[in-house]
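Chemist: Just dropping this structure here.
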Amino acid sequence: MADPRVARSGATLTLTADATAGVETFYLEAIRQALFEEMERDERVFVLGQDVGVYGGAFKATEGLQERFGVDRVLDTPLSEEAIVGGAIGAAMRGMRPVAEMQFIDFISRAFDLLTNFAAKNRYRTGVGVPMVVRGPSGAGVHGGPYHSQSPEMYFVKTPGLKVVAPATAYDAKGLLKAAIRDDDPVIFLEHKFLYRRVKDRVPEEDYVVPIGKAAVRRAGRDLTIVTYGAMLWTALEAAELLAKDGVSAEVLDLRTLLPLDEEAILASVRRTGKCLILHEDTRTGGLGAEIAATVSEKAFEWLDGPILRVTAPDTPVPYSPPLEEAFLPNVRTLLAAVRKLVRY
Amino acid sequence: MADPRVARSGATLTLTADATAGVETFYLEAIRQALFEEMERDERVFVLGQDVGVYGGAFKATEGLQERFGVDRVLDTPLSEEAIVGGAIGAAMRGMRPVAEMQFIDFISRAFDLLTNFAAKNRYRTGVGVPMVVRGPSGAGVHGGPYHSQSPEMYFVKTPGLKVVAPATAYDAKGLLKAAIRDDDPVIFLEHKFLYRRVKDRVPEEDYVVPIGKAAVRRAGRDLTIVTYGAMLWTALEAAELLAKDGVSAEVLDLRTLLPLDEEAILASVRRTGKCLILHEDTRTGGLGAEIAATVSEKAFEWLDGPILRVTAPDTPVPYSPPLEEAFLPNVRTLLAAVRKLVRY
Amino acid sequence: MTTSLPPQRLADLYRCMLLNRLLEERLVHLYRQGKVVGGLYRSLGQEATSVATAFALDEGDLLAPLIRNLGSVLARGIPPRDILTQYMARATAPSGGKDANLHFSVPEKGVYSPIAMLGTLVPVVAGMLLADRMQGKRTVGMTYLGDGGTSVGAFHEGLNFAAVQRLPLVLVVEFNGWAYSTPYEKQCAAATLADKALGYGIPGEVVDGNDALAVYEAARAAVNRARLGGGPTLLECKTYRMKGHAEHDAQAYVDPKELTAWRVRDPLARFESALESSGAMPAAERRRIHDEVESQLDADVAFAEASPFPDPALAFRGVYADESILERGRAGVFMGGL
Amino acid sequence: MTTSLPPQRLADLYRCMLLNRLLEERLVHLYRQGKVVGGLYRSLGQEATSVATAFALDEGDLLAPLIRNLGSVLARGIPPRDILTQYMARATAPSGGKDANLHFSVPEKGVYSPIAMLGTLVPVVAGMLLADRMQGKRTVGMTYLGDGGTSVGAFHEGLNFAAVQRLPLVLVVEFNGWAYSTPYEKQCAAATLADKALGYGIPGEVVDGNDALAVYEAARAAVNRARLGGGPTLLECKTYRMKGHAEHDAQAYVDPKELTAWRVRDPLARFESALESSGAMPAAERRRIHDEVESQLDADVAFAEASPFPDPALAFRGVYADESILERGRAGVFMGGL
Ligand SMILES: Cc1ncc(C[n+]2csc(CCOP(=O)(O)OP(=O)(O)O)c2C)c(N)n1
Ligand SMILES: Cc1ncc(C[n+]2csc(CCOP(=O)(O)OP(=O)(O)O)c2C)c(N)n1
Ligand SMILES: [Mg+2]
Ligand SMILES: [Mg+2]
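One line per chain: the protein sequences are Z, D, V and X, in this order. The first sequence begins at 79 in the numbering used here and counts up one residue at a time. The second sequence begins at 79 in the numbering used here and counts up one residue at a time. The third sequence begins at 105 in the numbering used here and counts up one residue at a time. The fourth sequence begins at 105 in the numbering used here and counts up one residue at a time.
Structure below.
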């Protein structure tokens with residue numbers, strides 16, 4: 079059966095207003111390039127994870143790396159998230175720049191203790207920094223079921239000492255991964271698996287980074303701000319397009335980094351539009367929408383012309399069967415309903 | 079050196095308006111009683127954890143239980159949070175009512191995967207419920223340092239399928255623990271270690287439960303609502319007392335259950351007072367304050383006469399040395415400053 | 105051929121291995137037709153390990169399979185249609201479409217779902233057995249783990265707990281040479297995985313996992329020991345994964361010679377020739393069973409294909425025992441009915 | 105007395121064990137005076153294990169202790185004042201007061217802090233050694249775990265990884281009979297913890313942990329093997345925890361006979377009598393060392409007592425390399441300066 083979200087958005091997602099020079103590149107390939115180029119640039123950078131070597135990773139993000147850089151710098155590990163993450167922490171503490179792959183980001187749960195208690199707190203407690211990246215495929219939309227579809231961002235946004243990044247375009251995926259690898263602190267890098275081979279945009283040939291902590295206005299608008307990130311950016315843009323036909327001008331803000339949040343960008347946009355709606359694929363309670371709503375209601379209260387709304391997944395695991403997963407995920411229809419309510423307010 | 083918070087609040091904390099009949103009981107003893115009585119009442123109930131048997135638990139919450147109920151129902155486990163939590167999950171699935179103790183709640187990180195992926199999702203995925211309780215000492219204020227002071231509530235509030243409870247009084251500690259044990263779903267029961275031997279109030283002699291999901295107005299007020307839970311209730315009450323002398327009437331709402339949130343109680347109070355401040359000991363970003371602010375700004379927007387403020391710990395690990403920990407924790411002074419700002423708004 | 109199994113049980117064992125093989129062939133067909141939702145995880149070549157271990161359990165015992173243990177759940181009486189509807193994400197599936205493949209529980213049959221995180225089942229099954237013992241039941245529990253899965257910490261914590269408590273657990277380690285693309289040398293430096301048993305103070309045994317009768321005897325001995333209070337056994341079955349990790353994996357990393365070498369050790373063919381040469385089951389009888397299985401599968405495939413997809417509203421239900429917690433207008437909010 | 109240690113090193117070993125003992129006595133005194141913030145975790149009776157294992161490392165090697173391994177960090181050259189200021193939560197402590205007891209790192213000396221969660225150090229130290237090997241260094245790493253800590257999954261995952269990678273790791277298992285109030289029988293059913301080594305395909309050894317020279321030789325052999333590419337060793341030191349889990353624990357659960365039996369095996373007294381009877385170090389020399397240690401401790405205790413508590417503003421600093429992330433007016437907000 080056809081995937082509802084592909085059908086909805088066409089086979090390839092790309093930023094219509096994308097004027098960057100460069101080569102049309104898939105999101106997944108952009109990640110692979112970032113790894114390749116950073117390993118070329120800096121011999122401290124290495125990759126470790128399950129099946130990242132000969133196999134090139136479950137999603138092929140590390141394809142060709144072992145051929146180029148050898149078995150030591152593209153290290154196949156046992157089936158052991160604590161070895162991968164613990165190993166990366168230790169290596170980072172001794173001067174390397176490890177990039178650890180989780181085969182699916184869901185399995186990061188098995189390294190939760192090491193990430194939240196060791197990596198995140200080490201600099202504060204002992205002065206020894208942990209410059210490492212943990213990356214992996216996140217998010218739903220491909221009928222992966224409860225254990226291959228999770229959005230674990232808040233577990234890490236909740237943990238001081240970590241940074242959390244979630245690119246929605248190929249350009250950002252490459253630029254943010256490079257920034258993450260060069261960062262002196264541990265970064266959780268959430269790749270949206272739905273976008274791997276669907277999103278394609280221009281990526282410069284020369285070296286560049288996208289700074290961690292900076293959101294991007296993807297579409298300027300006057301009537302309300304839709305704050306989002308990851309795969310939901312594309313839902314927001316599609317909805318904004320439809321709203322424009324109705325004369326509603328929606329601004330779409332792509333967070334790109336989830337921790338630290340680009341508070342300035344969020345507040346500036348909401349102060350312009352007076353209305354704020356947060357859209358995310360993660361479940362509702364305690365999602366990033368809550369933090370954004372809290373920030374806005376604290377710091378832009380005077381500018382608000384309506385309640386802050388959240389359009390999110392419900393508070394359930396991610397179901398597997400297509401009609402259930404479709405009901406679970408926010409989509410253009412549910413988003414439009416909320417936007418119209420807010421605009422009418 | 080004297081603990082600043084004890085000094086601030088006196089040796090014993092008790093609800094001044096507490097008119098319940100019953101016996102004056104410490105918070106810790108109330109927990110012990112709940113375990114004892116539930117084990118008497120229902121032979122499916124049993125306790126497992128590190129040093130819960132002969133030793134009676136690191137904080138003595140299970141003291142005397144093994145003598146009464148034997149080594150099988152008060153089970154000393156290896157030093158293994160996955161055995162404790164995994165074992166409890168399995169036992170719950172086969173008809174028992176396990177109560178698992180974490181020696182310090184911080185160590186729950188080592189059972190994160192089992193709790194969030196196994197216990198939380200089992201009913202939804204397979205129809206098999208997991209009626210279990212994981213309880214343990216949470217929170218700061220006793221110079222425990224980064225690993226014996228954490229407030230892990232949001233990791234679990236973020237996880238659909240769990241319930242999260244955080245009592246602030248002896249009455250609630252007993253009544254909520256009984257409710258948690260009788261609940262058909264997994265409950266994370268956060269005991270505040272600072273309150274163990276400091277809070278004392280009247281506990282009925284007869285059997286009772288405090289329903290999960292119901293907040294309590296601890297002090298009625300007109301000018302603003304302070305939403306809080308756990309040890310911070312006592313800070314809020316102390317501040318409210320001082321504010322009353324200045325003619326400011328603060329309503330203090332004790333959440334008691336963090337998931338599911340008592341939305342009705344929060345909204346009703348804020349609709350009455352028009353102003354909302356959330357106080358918690360947990361760090362700021364992604365804390366429960368965010369969820370509450372989001373809920374209020376979405377559902378009580380029209381009633382708001384000012385921004386929603388959060389008074390919380392900063393986004394750092396919990397430091398160890400007394401002056402650092404004191405700076406880290408919200409206190410009456412920081413709370414009053416925020417309240418005054420909000421009242422003047 | 106030496107076996108302690110009476111003729112009828114022998115026939116059942118054969119039928120079950122055949123069902124495992126043929127059901128999987130149906131699944132491959134459905135997968136190629138795009139009717140399987142998500143991945144398909146094969147057990148080709150490993151049928152003897154799954155089926156014959158599960159066969160060693162008695163009525164009322166517990167079984168917690170991993171996703172390659174199709175044969176184990178069939179041996180416990182799960183009908184093929186439950187597998188087909190699971191893989192096809194239909195409303196009639198045991199999980200109602202909420203989870204995939206072998207992720208479902210049928211408590212009445214003592215079958216409990218794994219989660220994807222490998223290793224986590226071990227402490228959970230230990231807990232189940234602890235509960236049963238507390239309730240005076242003499243249940244034995246069996247669960248599985250691959251050569252990869254043994255690297256996970258929950259395996260260690262769970263097995264250690266079971267050993268200290270002398271719980272009646274049979275932990276079957278399926279050594280099939282690979283964890284996805286990772287060969288054993290990159291997984292563990294021990295000579296055999298059964299060597300881990302010593303460190304838990306329990307018996308560790310190695311058996312030819314492609315020899316159905318040998319597997320049965322080893323598993324039966326472990327089950328008996330468990331039932332009599334002898335505690336857990338680590339039973340390593342040496343077998344081989346004849347297909348890629350999942351159907352999309354062409355296993356390019358595998359030396360074709362290795363596959364050829366293992367093809368001749370196919371557990372089903374081996375069992376058939378033992379049945380043939382010992383005269384325990386004539387070819388005609390095997391053919392009859394084969395035809396029965398095929399016609400059962402025809403009916404079950406038809407059932408699965410005719411089954412509807414689940415009602416979207418199911419997505420919002422069943423998180424808590426008390427549905428009201430999440431229901432407060434949820435479906436309305438989330439399905440655009442704002 | 106047979107030893108490979110030259111006289112000067114023998115004297116250093118003695119001095120270090122004595123320092124461990126006497127520094128701890130000072131800490132007990134300060135604890136009783138209420139000057140230690142939080143708990144005090146003793147190593148009485150275990151000094152030989154800590155000191156003599158760490159003594160087997162060379163310059164440039166790595167050591168990651170647990171909180172009872174006071175002797176190990178002293179052996180690596182951490183001065184007593186660092187320990188005193190840590191326990192007293194002063195600004196002059198290596199962690200600046202942010203963390204307690206032995207939770208601090210001094211990378212220049214190759215000393216790295218544990219976290220409280222037992223077991224997590226193992227994969228981290230494996231990663232450190234992997235990094236050093238990638239950088240062409242021949243560093244050996246040593247870390248510790250108690251009989252309780254070996255039950256944690258991270259121990260399993262980390263040691264397995266180190267074994268597969270043949271990393272130069274010496275994992276010292278301190279068998280002291282207890283994990284808080286939990287005796288070994290409730291912790292693990294294996295005959296010895298060193299039996300776990302087989303399951304990782306590495307050498308496992310047991311040594312009398314109260315015999316400083318035997319511990320040294322066993323540790324030195326493991327360090328040498330590691331340095332020469334022979335991979336990890338699991339070295340179990342059999343010792344005994346002479347005090348409760350922490351000073352507040354009166355160890356009522358311990359049979360006093362057991363304590364009496366172990367008291368006569370005190371590692372320091374034993375070492376002293378070996379030094380005495382072999383003539384390796386006359387009593388006068390030992391006394392001189394004793395006096396030196398005591399006067400160093402006098403000075404260091406005075407230093408620690410005179411040290412200020414940290415500036416509260418430090419609480420808000422040092423979470424990230426780029427301080428600006430959390431600093432934006434933080435201290436102001438959080439310290440009531442709204
Ligand atoms: C904790 C965890 N990490 C990663 C995965 C992803 N994964 C699924 S199956 C698999 C390989 C499993 O190998 P093995 O345990 O040998 O079982 P087999 O597939 O050979 O039956 C991996 C890496 C997982 N399921 N769980
Ligand atoms: C993962 C984890 N769970 C629980 C604790 C609490 N705890 C601290 S020390 C201790 C006992 C440790 O025993 P053992 O490993 O034998 O070391 P010993 O204290 O005997 O040196 C416990 C249970 C912990 N630190 N880490
Ligand atoms: Mg395998
Ligand atoms: Mg011990």
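For every residue, glycine included, the Cβ atom is placed at its ideal position computed from N, Cα and C. Source: prediction; values computed, not measured.
Pick out whichever of Val163(D), Ile386(D), Arg119(D) has its Cα sitting closest to the Cα of Val374(D).
Modeler: The residue labelled residue 374(D) in the question sits at position 296 within the second sequence. If we check each option's Cα against that of Val374(D), Ile386(D) comes out closest.
Chemist: In whole angstroms, what is the alpha-carbon distance linking Gln239(X) and Gly262(V)?
Modeler: The residue given as residue 239(X) occupies position 135 in the fourth sequence. The residue given as residue 262(V) occupies position 158 in the third sequence. Going from the Cα of Gln239(X) to the Cα of Gly262(V) covers about 37 Å.
Chemist: Which one of Leu315(D), Val281(D), Gln128(D) has the shortest CA to CA distance from Val163(D)?
Modeler: Walking along the second sequence from the start, residue 163(D) turns up at place 85. Answer by Cα proximity: Gln128(D).
Chemist: Starting from Val206(D), find everything on chain V with Cβ-Cβ shorter than 9 Å and list it in chain order.
Modeler: For this step, residue 206(D) is matched to residue 128 along the second sequence. Here the neighbours are Ser209, Pro211, Tyr216, Ser217.
Chemist: Are Ile290(D) and Leu254(D) touching if we call contact CB-CB under 8 Å?
Modeler: The residue given as residue 290(D) occupies position 212 in the second sequence. The residue given as residue 254(D) occupies position 176 in the second sequence. It is a contact, given that the beta carbons lie within the stated cut-off.
Chemist: Quick check: is the beta carbon of Ala258(Z) nearer than 8 Å to any beta carbon in chain X?
Modeler: Your numbering for residue 258(Z) matches position 180 in the first sequence. Not one chain X Cβ lies under 8 Å of Ala258(Z).
Chemist: Closer than 6 Å by C-beta to Leu206(V): which residues in its own chain qualify, once you throw out the five before and the five after it? Chain order, please.
Modeler: Taking the third sequence and counting its residues from 1, the one referred to as residue 206(V) is at position 102. Around Leu206(V): Pro169, Ile171.
Chemist: Could you tell me if the beta carbon of Gly143(V) falls within a distance shorter than 7 Å of some heavy atom in ligand 3?
Modeler: Taking the third sequence and counting its residues from 1, one reaches residue 143(V) at position 39. Every heavy atom of ligand 3 is 7 Å or more from the Cβ of Gly143(V), so no.
Chemist: Between the alpha carbons of Asn409(D) and Thr313(D), how many angstroms are there, rounded?
Modeler: To locate residue 409(D), count along the second sequence from 1; it is residue 331. To locate residue 313(D), count along the second sequence from 1; it is residue 235. Between the alpha carbons of Asn409(D) and Thr313(D) lies a gap of roughly 6 Å.
Chemist: Just confirm the distance between the C-beta atoms of Arg175(D) and Ile259(D), as a whole number of angstroms; I'd bet it's less than 8 Å.
Modeler: Position 97 of the second sequence, counting from 1, holds the residue named residue 175(D). Position 181 of the second sequence, counting from 1, holds the residue named residue 259(D). Sure, about 6 Å apart at Cβ, within 8 Å.
Chemist: Take Glu376(V) and list the residues in its own chain whose beta-carbon comes closer than 7 Å to its own, dropping the five residues that flank it on each side.
Modeler: What you label residue 376(V) is simply residue 272 of the third sequence in a count that begins at 1. The answer, listed in chain order, is Arg390.
Chemist: Which of helix, strand or coil does DSSP assign to Thr337(V)?
Modeler: Translated into the one-based positions of the third sequence, residue 337(V) becomes position 233. In this structure, Thr337(V) counts as strand in the three-state DSSP scheme.
Chemist: Cβ atoms of Ala193(X) and Tyr398(D): under 8 Å apart, would you say?
Modeler: For the purposes of this step, residue 398(D) is taken as the residue at position 320 of the second sequence. For the purposes of this step, residue 193(X) is taken as the residue at position 89 of the fourth sequence. Yes; because the gap between Cβ atoms is below 8 Å, this pair is in contact.
Chemist: Our contact map puts Thr247(V) next to Val229(V) with C-beta atoms below 8 Å; I'd like the distance itself, whole angstroms only.
Modeler: Translated into positions along the third sequence, residue 247(V) becomes position 143. Translated into positions along the third sequence, residue 229(V) becomes position 125. Contact holds; Cβ gap of about 5 Å.
Chemist: Excluding the 5 residues preceding and the 5 following Ala169(D) in the sequence, name in chain order all residues of the same chain whose CB lies nearer than 6 Å to its CB.
Modeler: Residue mapping note: residue 169(D) aligns to position 91 of the second sequence, counting from 1. So the qualifying residues of the chain are Pro176.
Chemist: Out of Thr394(D), Glu342(D), Asp393(D), Thr303(D), which has the shortest C-alpha to C-alpha gap to Arg418(D)?
Modeler: Here residue 418(D) is taken as the residue at index 340 of the second sequence, counted from 1. Residue Thr303(D) is the option with its Cα nearest to Arg418(D).
Chemist: Of the residues that make up the stretch 271–285 of chain X, which ones have a beta carbon closer than 9 Å to any beta carbon in chain D?
Modeler: Ala283, Tyr284, Ser285
Chemist: According to DSSP, simplified to helix, strand and coil, what is Val152(D)?
Modeler: Sequence index remark: in the second sequence, residue 152(D) carries index 74 (1-based). It is a strand residue.
Chemist: When you get a sec, list the residues whose CB is within less than 7 Å of any heavy atom of ligand 2, chain order please.
Modeler: Gln128(D), Asp129(D), Leu157(D), Glu159(D), Gln181(D), Phe182(D), Phe185(D), Arg188(D), Leu170(X), Arg172(X), Ala220(X), Met221(X), Leu222(X), Gly223(X), Leu249(X), Gly250(X), Asp251(X), Gly252(X), Gly253(X), Val256(X), Glu278(X), Asn280(X), Trp282(X), Ala283(X), Tyr284(X), Arg345(X), His349(X)
Chemist: Would you call the stretch 121–136 of chain X and the stretch 401–415 of chain X touching, i.e. three or more CB-CB distances under 8 Å?
Modeler: yes
Chemist: Considering only C-alpha positions, which residue in the set Val212(D), Tyr423(D), Gln181(D), Tyr249(D) is nearest to His226(D)?
Modeler: As a first step, residue 226(D) must be located in the second sequence, where it is residue number 148. Closest option to His226(D), Cα to Cα, is Gln181(D).
Chemist: When every heavy atom of ligand 6 is checked, does at least one fall within less than 7 Å of the C-beta of Thr247(Z)?
Modeler: This structure lacks ligand 6; its bound ligands are ligand 1, ligand 2, ligand 3 and ligand 4.
Chemist: Taking the C-alpha atoms as reference points, what is the distance between Gly88(Z) and Leu320(Z)?
Modeler: As a first step, residue 88(Z) is located in the first sequence; it is residue number 10 there, counting from the start. As a first step, residue 320(Z) is located in the first sequence; it is residue number 242 there, counting from the start. No answer about Gly88(Z) holds up, because its pLDDT of 48 lies below 50 and its placement is not dependable.
Chemist: If contacts are defined as beta-carbon pairs under 8 Å, then Lys278(Z) and Thr92(Z) qualify, I think. What distance do you get, rounded to the angstrom?
Modeler: Within the first sequence, residue 278(Z) is the residue found at index 200, counting from 1. Within the first sequence, residue 92(Z) is the residue found at index 14, counting from 1. The pair is a contact, with the Cβ atoms about 5 Å apart (cut-off 8 Å).
Chemist: Just to check my reading of the structure: Thr103(Z) and Ala248(Z) have Cβ atoms closer than 8 Å, yes? What is that Cβ distance to the nearest angstrom?
Modeler: Your numbering for residue 103(Z) matches position 25 in the first sequence. Your numbering for residue 248(Z) matches position 170 in the first sequence. About 5 Å separates the two Cβ atoms, so the contact holds.
Chemist: I want to verify the contact list: residues of chain V whose CB lies under 8 Å from the CB of Asp299(X), in sequence order.
Modeler: Stepping through the fourth sequence from its first residue, residue 299(X) is reached at position 195. What Asp299(X) touches in chain V: Leu302, Gly303, Gly305.
Chemist: Please state the DSSP three-state secondary structure of Gly127(D).
Modeler: To locate residue 127(D), count along the second sequence from 1; it is residue 49. If DSSP states are grouped into helix, strand and coil, Gly127(D) belongs with the strands.
Chemist: Against Leu161(V), what residues of chain D qualify as contacts under a CB-to-CB distance less than 8 Å, listed in chain order?
Modeler: Walking along the third sequence from the start, residue 161(V) turns up at place 57. Going along chain D, no residue has its Cβ under 8 Å from Leu161(V), so there is no contact; the nearest lies around 16 Å.
Chemist: When DSSP labels each residue in this structure, what does Ser255(V) get in the three-state scheme?
Modeler: Locating residue 255(V) in the third sequence gives position 151, counting from the first residue. The answer is helix: DSSP assigns Ser255(V) an H, G or I state.
Chemist: On the three-state DSSP scale, how would you describe Tyr249(D)?
Modeler: Here residue 249(D) refers to the residue found at position 171 when the second sequence is read from its first residue. Reduced to three states, the DSSP call for Tyr249(D) is helix.
Chemist: What does the Cβ neighbour count give for Leu332(X), buried or exposed, with the cut at 16 atoms within 10 Å?
Modeler: On the fourth sequence, residue 332(X) is found 228 positions in, with the first residue counted as 1. By the 10 Å Cβ count, Leu332(X) comes out exposed.
Chemist: According to DSSP, simplified to helix, strand and coil, what is Ile386(D)?
Modeler: For this step, residue 386(D) is matched to residue 308 along the second sequence. Of the three classes helix, strand and coil, the one that applies to Ile386(D) here is coil, per DSSP.
Chemist: I'd like the span of the alpha helix (DSSP H) that includes Arg349(Z), first residue to last.
Modeler: The count along the first sequence starts at 1 and reaches residue 349(Z) at position 271. Run containing Arg349(Z): 341–351, per the alpha helix (DSSP H) assignment.
Chemist: Using the C-alpha atoms, what's the distance from Gln190(V) back to Gly441(V)?
Modeler: Counting from 1 along the third sequence, the entry for residue 441(V) is found at position 337. Counting from 1 along the third sequence, the entry for residue 190(V) is found at position 86. Here the model assigns Gly441(V) a pLDDT of 43, short of 50, so the residue's position is not dependable, and the following value carries that caveat. About 30 Å.
Chemist: From Pro224(D), Arg300(D), Pro338(D), Glu403(D), pick the residue whose C-alpha is nearest to that of Glu427(V); which is it?
Modeler: Along the third sequence, one-based indexing puts residue 427(V) at 323. The residue with the shortest Cα to Cα distance from Glu427(V) is Pro338(D).
Chemist: Please list, in chain order, all residues of the same chain as Tyr118(X) whose beta carbon is under 6 Å from its beta carbon, the five residues on each side excluded.
Modeler: For the purposes of this step, residue 118(X) is taken as the residue at position 14 of the fourth sequence. So no residue of the chain qualifies.
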